[in-house]
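Residue numbers (our numbering), protein chains in the order written: chain A, 1 to 106; chain B, 1 to 121.
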Amino acid sequence: IQMTQSPSSLSASLGDRVTITCRASQGMGNFLAWYQQRPGKVPKFLIHAASTLQSGVPSRFSGSGSGTDFTLTISSLQPEDVATYYCQRYNSAPLTFGGGTKVEIK
Amino acid sequence: QVQLVESGGGVVQPGTSLRLSCAASGFTFSNYGMHWVRQAPGKGLDWVAVISSDGSNKFYVDSVKGRFTISRDNSKNTLYLQMSSLRVDDTAVYFCTKDGSSGWYGGSDNWGQGTLVTVSS
């Protein structure tokens, strides 16, 4: 089962709204997680069940979708959001990650 | 707070074996599923294996099936990954992660710092 993220990279201005898409090759309900990996750091768990924010994650992050199409949105891009973002399916093995989306500041 | 500390990485030759360990603390280890996730240098995340809280269920990515074995010792709060027939493309940082559930349906909510495995002749 493939998880396809798009775009693979993006450059946006501070304060911009940023949207990342993750598409599954088969339906998977809402068993989708999003992770943030800042440069040189360990991945951080942002969202589970497609739209539930982990405790402590800023409210400018949001997730939506179910079935095969999911999105991660950053409502107002901040400098600390520079990172690579990964989606992951977890309804059944293999718990495949998407290829990642690198977010940079323009 | 949750702590996951991996150990056992190093430089090995192709075809050899290595065992990784992950010492867990700060939570009731026996209640949660655990994963190994790897990341090759400059590449994305690659899920490797999961084991349920009681060790009764284990799943692997196809590329490691028959070569890697995930296990756990709940009395020692430790997760293991026994790797054999290592290949050059197994070179990666290996992360131990805690699932948010007793199985694999909660996402990886905590990550260790990782241990580097380099397979090279």
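The beta-carbon is built from N, C-alpha and C at its ideal position, and this holds for glycine as well.
Problem - residue 46 (chain B) at chain A interface by Cβ criterion, 8 Å - result: yes
Exercise for the section: Pull up the DSSP beta-bridge partners for residue 116 (chain B), would you. Expected result: B:93
Practice task
Could you check what DSSP says for residue 62 (chain B) in three-state terms: helix, strand or coil?
Solution key: helix
Problem - Residue from B:30, B:18, B:35 and B:10 whose Cα sits closest to the Cα of residue 95 (chain A) - result: Answer by Cα proximity: B:35.
Problem - Chain-ordered neighbours of residue 95 (chain A) on chain B, where CB pairs are closer than 7 Å - result: Going along chain B in sequence order, the residues near residue 95 (chain A) (Cβ under 7 Å) are 47, 50 and 104.
Practice task
For chain A, find out if any of its Cβ atoms is closer than 8 Å to the Cβ of residue 1 (chain B); answer yes or no.
Solution key: no
Exercise for the section: Going by DSSP, name the residue or residues bridged to residue 10 (chain B). Expected result: B:117
Practice task
Anything in the stretch 39-72 of chain A with a Cβ closer than 9 Å to a Cβ of chain B? List those residues in chain order, please.
Solution key: 42, 43, 44, 45, 47, 48, 49 and 54
Exercise for the section: Out of B:94, B:100 and B:56, point me to the one whose CA is closest to residue 115 (chain B)'s CA. Expected result: B:94
Problem - Contact set between residue 99 (chain A) and chain B, taken where Cβ atoms lie within less than 8 Å - result: 44
Problem - Residue from B:73, B:83 and B:121 with nearest C-alpha to residue 32 (chain B) - result: B:73
Practice task
Would you mind stating whether residue 77 (chain B) and residue 40 (chain B) have Cβ atoms separated by less than 8 Å?
Solution key: no
Exercise for the section: Please state whether DSSP places residue 68 (chain B) in a helix, a strand or coil. Expected result: strand
Handout entry: DSSP three-state assignment for residue 16 (chain A), whether helix, strand or coil
Key = Looking at residue 16 (chain A) - three-state DSSP - the assignment turns out to be coil, as it is neither helix nor strand.
Handout entry: Option in A:59, A:51 and A:41 with minimal Cα separation from residue 34 (chain A)
Key = A:51
Handout entry: Under the three-state DSSP convention, the category residue 46 (chain B) falls into
Key = strand
Exercise for the section: From the DSSP output, in three-state form, read off residue 103 (chain A) for me. Expected result: strand
Practice task
Can you check DSSP and say which residues form a bridge with residue 1 (chain A)?
Solution key: Note: residue 1 (chain A) sits in no beta bridge, so no partner.
Problem - CA-to-CA distance, residue 1 (chain B) to residue 27 (chain B), given in whole angstroms - result: 7 Å
Problem - Stretch-stretch touch, CB-based, cutoff 8 Å, three pairs: the stretch 65-82 of chain A with the stretch 79-98 of chain B - result: no
Problem - Cutoff 8 Å: residue 100 (chain B) Cβ touching any chain A Cβ - result: yes
Problem - residue 37 (chain B), enclosing beta strand (DSSP E) - first and last residue - result: The continuous beta strand (DSSP E) containing residue 37 (chain B) extends over residues 34-39.
Problem - residue 52 (chain B) versus residue 13 (chain A): straight-line alpha-carbon distance, rounded - result: 43 Å
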